[in-house]
Structure formats: C-alpha cells, structure tokens
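What follows is a set of notes on a single structure, which appears directly below.
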C-alpha cells in the first residue's frame, strides 16, 4: 500500500460534502403537495429504497479501512480480522475518551485515546463471512462461518443510548462462541520515542462495562474528567439496557434512524453515486451528533494513527460541508463546540498573552474542548514548539473553521448565534491579523511570513490573505445586519480596500466565495482553471481534494444573495 496522508482519512466523509453541495433540497408548498406522486411516504418504501444502498461483505474484512462500522456520535464499533488471522474483533471507541495533559500538546497530551476491542472467540478457524450493514436500520447482521460451524450475529450501537447490543446465534458446532473484551493501553496512538519516561496520569477515568444476558452482550463506555463518575455511568447504562431488552432497544434505535433519512432525500441517476451519497449520510450520523464532541479525524473508531486529534487546516471544514445542504443542522457539533464559553476561552489562550485582550486563534490540532496546550506563532518570528516536527503552525485555522459556522448561520439566519459565537470569535481572529499588517512601498497592506497548511512559510500567502479578506467582509456584513456599530468597521473596510492580492485562490473560490463566475469572464476563467488544473493533476486525486474541487466547480454557480 502506498503512503497515506491524513487527508485520505477524511475523504470518505468529506467527499459527501461535494456531492451534497451540488443538490437542491426543497420543500413543496401546501398548494402543490396534493399533486405530488410521493413514493417515499412510508417506512416500507424507505426500507426498500435504502436496502439497495446497503454495504455487503462476502469476504472477511482484514483491516480498519474495510470493516463495517457503527456509531452514535459517541460510542463507535468497527468489525474486522486484524491481518487476516485470528478471531474477528469489534474495535470499540468513544469520542469523549482523551488524555488531559496539555503540556504535552494535542498529539500526545490531549489526544484521543483507544479503548479496546471485543474478540469473537470460536471453536474453529474463521473461514468466511456474509455480512450486511443495513443503512435504514443502522444494524450489522450476517453469518460467520468457521471450520467447526457457523454463527449468526447482529450488532447495533443504539441511536440515543450509550450502549452497544451484540447478539450471537451459533449452531451446535460453535455453541460456545462468545465475545470477550480486551482493553487497549491508554496512550496516544501517535507513538513517539521522545517520551521515554512514564508521566503521571492526569486523573479522571474511562470505564468499559458489559453484561451477558442469554445470547446478547450489552456494553457501554464512559469517560469522566477530572472526577471518577465514568464507572457509575457505564454500569448504569448497561443495567438500563439489560432491563429494557433487545426488542425494546432495537425498536427505539430504529425509530431514531428512520427519522433521520427522510430529511435528506435525493435521487441520483447513477446508482454508484447514489449509494455513495446515502452511505456518507449514514457515516456522518455515526460519527457525530449536535451534543457530541467536534469531529476528530478518526471519528469514534480510534486506532493506531498519526492523527489522534481534531485537525483544522481543512479536515474539520470538509467533514461538515454536507450537513447544511443535507438538512441536518442537528448534527452540527462544530458550531455547537465553538458556542461553549469555556471553549472560547481556550481559543483566547492560544494567542500570546499580550494579544489576549482582543484576539483569539486555533492551533492546527486540538482536543474536543478546542484546546491545544500551545499558542500560535507570531507572524515572521515564532519557532515551532517541541512536539511539532514539521512546518504548519498556521494562524488562520480559526478563521477557516469559522467559515463552517458561517455556513450554519447563512442556512439558519440565527442572529442570536451570530451575536454570541460567530461575530465575537471572528472579530478576535481578524484582530490577530491586524496586529501584524504593514504598509508596503506599493501602498498595499502586507502580512509577514506565516505557514500554509502542510506547505511553505511565506509572507502574503494564499492561505491567510483570503481568510483575512473573507473575515473582514463577513464582519462588515454582520455588523450591518445586527446593527452593532462596531468601532473596528472602518479598519475592516480599509483592509478590504488596501490588502494585497485579490482573493483568487482555491480557498477564495470555495468556501469563501471571494471569486465567483458571475464577477465576469476573467473570474469565470480563473474558476475553470482551478478545476482544469486539478483534473490534470492525477497524482493528487484523493478524497480531500475531490471534495474541495468538486465544490469549487459547483458552488460559484449558486452564489448566495440576500
């Protein structure tokens, strides 16, 4: 297998943003509703339709990338046979489980942590599987065949409750088949030899509780910090689930999922593309919920990885693009995370102390509380911290992440959210830039050297300038709409008038909309050149770029208007 970049991991979820961005999700008026031939008005119709999009395994999945996955935004499970030998394993994860040692940075001290796995112990050697992941029911069912017999299984992670339910129905040859739990070591999946001494734990606890009742296993995972409340939470969830029983739990689980899909109906003439769309919607409802942590790169299925955190130089942004046009504001853990006052203070703490009165920023990686344990660079001067071994300490990641919050605002026009979250945070993000702008001999405003994501360190770069221009434009828009009378409005306008460059970058085309095809033939040609250039750059065809460039191609043709 070739070398995988971090962006490959987000390609699956992110690409759905590109697909969804090209669609129009409308609602018929009452006057026309009676004329519609609605063939999706019943649960049976939805079941039949989505069954043709189901994921089916006829071969044993042998790695993390290929296995069937389940989740509810917190608890996650993924089935595969590591390396193609030994028992099948159900990897377990939870999006709240993380370390709490900020001095070691987001990759080691605040990273997401692995939990463990269930192993399916069998009398014989696993030889084959026949598995089906039902999108409509969000349940994995099927048969595992061994050299001694066969085992029927069903597994679901409950839609609303923090519990996994796994039922085995073995034949006589595998009558003793059972799940057993094995914990993983609670250290960052991003192994690093420099931390060669044991470091005292920070407190809190992660607890996995389970109970067998007949042929069914009920399991829950809970995390608490700094208190030790996880034990009672996990045990309580399991006891409640056992008391309810499989039939009741399955019914309430399906009710939640059956309410999810009808918000997003879209039919494609291409069957493969249609399946892809519905699978991505299923995945997104697995990886996050509105009250869940902001989406980390691995989702709830943490395994050995260099990326055990939340990434903001394009990952979070792409991951959430689909939720607006797919009509799922209830999954917006991104906006909701930025709305938490304690998280906002963590953003303020990530600029050098002398700028905290009016500025905020976001490190490239963070934990679920938007904390990183470090501060962003001062443009042109700051060396990387000890845990950062590559370039890429951007200062624009907060502005870029807030472009997602702006998408939520434009779809909801929630002025209260704009006042409490979007405007004050974007104002602080832009203020940090303003401290360092200088006027050049050309009369233009210039920015000292800053980092581009996974690229160079240079002044006036194609990452920060469009974000600064978009930030000033958006602040002026919000200032006028909300009638705030902000004293900085004149400065924002000055930046728009005098900032070097014109916003003509891929980022400026989407999602910032600084350049759109209705700005004239020259702008139209520039947008087309972005798409044409990507199409000819076959070496960089991956999920992340596909999502972004497809959106560049589609979105400018629907420029928002008030």
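Residue numbers (the working numbering): 1 to 562. The beta carbon of each residue, even a glycine, is placed where N, CA and C say it ideally should be. What you are looking at is a predicted structure, and each value in this text was computed from that prediction instead of being measured.
Endpoints, the alpha helix (DSSP H) within which residue i is located
| i | result |
| --- | --- |
| residue 250 | 230-260 |
| residue 144 | It is not in any alpha helix (DSSP H) - residue 144 instead sits in the beta strand (DSSP E) that spans 139-146. |
| residue 427 | 423-434 |
| residue 531 | 521-536 |
| residue 473 | 464-481 |
| residue 319 | 315-320 |
| residue 338 | 333-338 |
| residue 47 | 43-51 |
Closest residue to residue i among the options (Cα-Cα distance)
| i | options | result |
| --- | --- | --- |
| residue 381 | 488, 372, 371, 393 | 393 |
| residue 215 | 274, 300, 151 | 151 |
| residue 569 | 87, 316, 132 | Residue 569 lies beyond the residue range present for the chain, which begins at 1 and ends at 562; the question has no answer from this structure. |
| residue 321 | 348, 286, 302, 280 | 280 |
| residue 493 | 475, 509, 204, 343 | 475 |
| residue 110 | 519, 223, 85, 366 | 366 |
| residue 398 | 334, 515, 164, 411 | 334 |
| residue 426 | 457, 454, 339 | 339 |
| residue 508 | 523, 149, 295 | 523 |
| residue 291 | 330, 503, 82 | 330 |
| residue 264 | 73, 278, 72 | 278 |
| residue 145 | 138, 157, 130, 236 | 130 |
| residue 309 | 319, 296, 302 | 296 |
| residue 421 | 364, 342, 468, 498 | 342 |
Bounding residues of the beta strand (DSSP E) (the contiguous stretch that carries residue i)
| i | result |
| --- | --- |
| residue 180 | 178-183 |
| residue 461 | Residue 461 -> no beta strand (DSSP E), and no H or E assigned at all. |
Cutoff 6 Å; reference residue i; Cβ partners in own chain excluding five residues on either side
| i | result |
| --- | --- |
| residue 548 | none |
| residue 465 | 501 |
| residue 47 | 136 |
| residue 238 | 209, 211, 218, 220 |
| residue 403 | 511 |
| residue 134 | 54 |
Buried/exposed call for residue i, threshold 16 Cβ in 10 Å
| i | result |
| --- | --- |
| residue 43 | exposed |
| residue 487 | exposed |
| residue 228 | exposed |
| residue 20 | Confidence at residue 20 is low in this model, with a pLDDT of 31, below 50, so its placement is unreliable and the value that follows should be read with caution. When all chains shown are included, residue 20 counts as buried. |
| residue 267 | exposed |
| residue 419 | exposed |
| residue 254 | buried |
| residue 176 | exposed |
| residue 413 | exposed |
| residue 298 | buried |
| residue 273 | exposed |
| residue 428 | buried |
Residues of its chain near residue i, where Cβ-Cβ distance is below 8 Å and the 5 sequence neighbours each way are ignored
| i | result |
| --- | --- |
| residue 540 | 534 |
| residue 180 | 118, 119, 121 |
| residue 423 | 475, 478, 479, 482, 484 |
| residue 457 | 391, 449, 450, 451 |
| residue 289 | 72, 73, 74, 330, 331, 333 |
Close beta carbons around residue i, own chain, < 7 Å, minus the five adjacent residues each side
| i | result |
| --- | --- |
| residue 98 | 110, 111, 112, 113, 367, 368 |
| residue 102 | 109, 110, 371, 373 |
| residue 196 | For residue 196, the predicted structure reports a pLDDT of 35, less than 50, and the residue's modelled location is therefore unreliable. A value from the coordinates is still provided. Within the same chain, residue 196 has no close Cβ partners at all. |
| residue 205 | 224, 228, 230, 231 |
### Query
How about the stretch 352-363 and the stretch 429-442: do they share at least three Cβ pairs that are nearer than 8 Å?
At 8 Å Cβ cutoff, the stretches touch.
### Query
Are the stretch 118-126 and the stretch 247-262 touching by the rule of at least three beta carbon pairs closer than 8 Å?
Contact between the stretch 118-126 and the stretch 247-262 is not established, with fewer than three Cβ pairs separated by less than 8 Å.
### Message
With a threshold of 8 Å, are at least 3 pairs of Cβ atoms found where one atom belongs to the stretch 416-433 and the other to the stretch 363-375?
### Response
No: fewer than three Cβ pairs fall under 8 Å.
### Query
For the stretch 65-78 against the stretch 87-97, are there 3 or more C-beta pairs whose distance is under 8 Å?
Taking a cut-off of 8 Å for Cβ pairs, the stretch 65-78 and the stretch 87-97 touch, as three or more such pairs fall below it.
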